Structure formats: C-alpha cells, structure tokens
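Residue numbers (the numbering used here), protein chains in the order written: chain L, 271 to 377; chain E, 16 to 132. Even glycine gets a Cβ: it sits at the ideal position worked out from N, Cα and C. Note that the structure is predicted; figures quoted are calculated from it, not measured.
Set out below in structure tokens:
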C-alpha cells in the first residue's frame with residue numbers, strides 16, 4: 271500500500287499569514303493527490319484534486335502543487351474560517367490512503 | 016440541492032453486524048462512484064471502500080476486507096455498507112461520499128457507529 275505522510279502535524283499561525291503544508295507519498299503517484307479541509311464536528315470538504323485543481327467554489331487563496339512524491343498545499347492569507355485540519359489523500363492506487371492530517375490553529 | 020444522508024449507525028456489540036445506508040438526491044446517482052470514509056474518535060480520515068457507478072468495480076481497505084460489503088441500488092439512489100464481525104476499532108463516524116475516480120464532489124454528514132459491549 272502507498273503510505274502518505276504530512277508535515278507538520280500541527281501549526282499555529284496568525285490571520286494574514288501564508289501557510290504551507292507538505293504531503294509526501296511513499297512512491298510515485300503522478301498528480302493523483304487530493305486535499306480536504308475538516309472543521310470539528312463537520313464532514314470533510316473537498317478543496318483540491320489532481321494536485322493543483324481547485325474544486326468549484328473553493329477560493330483562490332488555496333493552491334496546490336507537486337507531482338511524483340512531494341506535494342504542497344498553500345493558503346496565501348490565512349483567514350479565521352481557515353482554521354481547521356487539512357488532509358491529503360492519494361488516489362493513484364487502491365487502497366486509497368489519507369495522510370494523518372495537519373491541524374492549523376490560531377497563534 | 017445535492018444531499019447525501021447516512022443512516023443506520025448505532026451501538027453494536029463486538030462480533031455483531033450493522034448495515035449503513037446513504038440516500039442520495041440532487042444528482043444523477045448512477046453516474047458517480049461512491050465511497051465510504053470513516054473517522055475514529057479524535058483520529059484522522061480512513062478510506063474504507065469504493066464502488067463504481069455500475070457496481071462493476073469494488074474496492075476495500077485491508078482493514079475491512081472480508082468483513083464489510085459495499086453495494087448500491089441505483090433505482091433507489093442508495094448506497095449501502097453491510098458490516099459484520101465488528102470490532103472495537105471499527106468505532107467511527109462513517110461518511111458516504113460521491114464523485115469520480117479523480118475527485119470527491121459530495122459528502123454526507125456522517126453516521127456514528129459504536130462497537131462496545
């Protein structure tokens with residue numbers, strides 16, 4: 271199975287900060303990577319697929335990049351509604367696997 | 016309006032069985048792949064199973080293979096997860112999700128399954 275790791279596991283940031291989260295796959299997954307946002311007690315929300323394509327309605331402050339094994343999610347200017355946990359997921363090969371998550375909280 | 020509504024969760028003893036349902040509306044159900052994702056209390060997301068629109072292809076996580084069975088009834092716009100030989104580690108909120116191989120477009124609100132004696 272493909273293992274997916276994320277770093278950092280958590281981070282504290284201020285409103286207006288630029289935030290970058292890294293996701294790494296244990297083998298080449300091309301661009302078959304998605305990013306999700308989840309707030310406490312809520313269902314996940316899809317943000318990005320194909321490593322860099324924003325889902326409809328997702329604001330452009332979110333961006334994704336990478337291919338192969340290394341990927342990043344960037345939030346250009348953190349807003350109060352962005353404090354959440356972010357997960358990446360590879361869908362190159364079944365079983366699909368999620369990263370362990372990165373919790374973004376307020377500094 | 017697109018809706019995915021899970022039901023069937025509850026408290027079950029270890030070794031027991033449970034059937035989850037997910038009712039879909041607001042989109043062409045038969046055209047989308049459907050997926051179950053779970054989240055144990057305080058833990059991260061875990062992909063459980065996916066089924067293609069025609070049910071031609073079905074996939075499972077190793078942790079549930081042989082114990083869980085996913086199915087769908089396109090005439091009823093419904094997705095199911097039959098769970099048996101349940102273990103404490105199956106305790107989680109189970110989400111149904113719909114989309115394509117490439118992306119998940121829709122999420123349900125989740126249903127809680129608790130395995131405990």
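Chain-order list of chain L residues neighbouring residue 116(E): 361, by C-beta distance under 8 Å. Following the DSSP letters along the chain, one finds residue 71(E) in no beta strand (DSSP E), marked with neither H nor E. Between residue 358(L) and residue 341(L), the beta carbon gap of about 6 Å places them in contact (Cβ cut-off 8 Å). Collapsing the DSSP output to three states places residue 48(E) in a strand. According to the DSSP assignment, residue 303(L) belongs to the beta strand (DSSP E) that extends over 303–308. Interface annotation for the stretch 274–308 of chain L against chain E: 302, 304, 306 and 308, criterion Cβ-Cβ distance under 9 Å. Here the alpha carbon of residue 79(E) sits roughly 42 Å from the alpha carbon of residue 286(L).
Looking at the DSSP output, residue 54(E) shares a beta bridge with 60(E) and 108(E). For the stretch 65–87 of chain E, the beta-carbon criterion of a distance under 8 Å to any beta-carbon of chain L is satisfied by 65, 74, 75, 76 and 77. Contact between residue 121(E) and residue 19(E) holds: their C-beta atoms lie close to 6 Å from each other, under 8 Å. Each residue's CA atom was taken as its position, placing residue 348(L) and residue 81(E) some 44 Å apart.
Taking a beta-carbon distance threshold of 8 Å, residue 125(E) counts as an interface residue toward chain L. Not flagged as an interface residue toward chain E: residue 372(L), since no C-beta distance is shorter than 8 Å.
Counting every other CB atom within 10 Å of its CB across the protein chains shown gives residue 17(E) a total below 16, marking it as exposed.
Here the C-alpha atom of residue 112(E) lies approximately 9 Å from the C-alpha atom of residue 48(E). Around the beta carbon of residue 354(L), 16 or more other beta carbons lie within 10 angstroms, which makes this residue buried.
In this structure, 107(E) is the residue among 117(E), 118(E) and 107(E) with its C-alpha nearest to the C-alpha of residue 125(E). The beta carbon of residue 41(E) lies closer than 8 Å to those of 16, 17 and 18 in the same chain, with the five residues before and after it left out. Less than 8 Å divides the Cβ of residue 273(L) from the Cβ of residue 367(L). Chain E places a beta carbon closer than 8 Å to that of residue 313(L), counting this residue as a contact.
For residue 120(E), the chain L residues whose Cβ falls inside 9 Å of its Cβ are 316, 325 and 326, in order along the chain.
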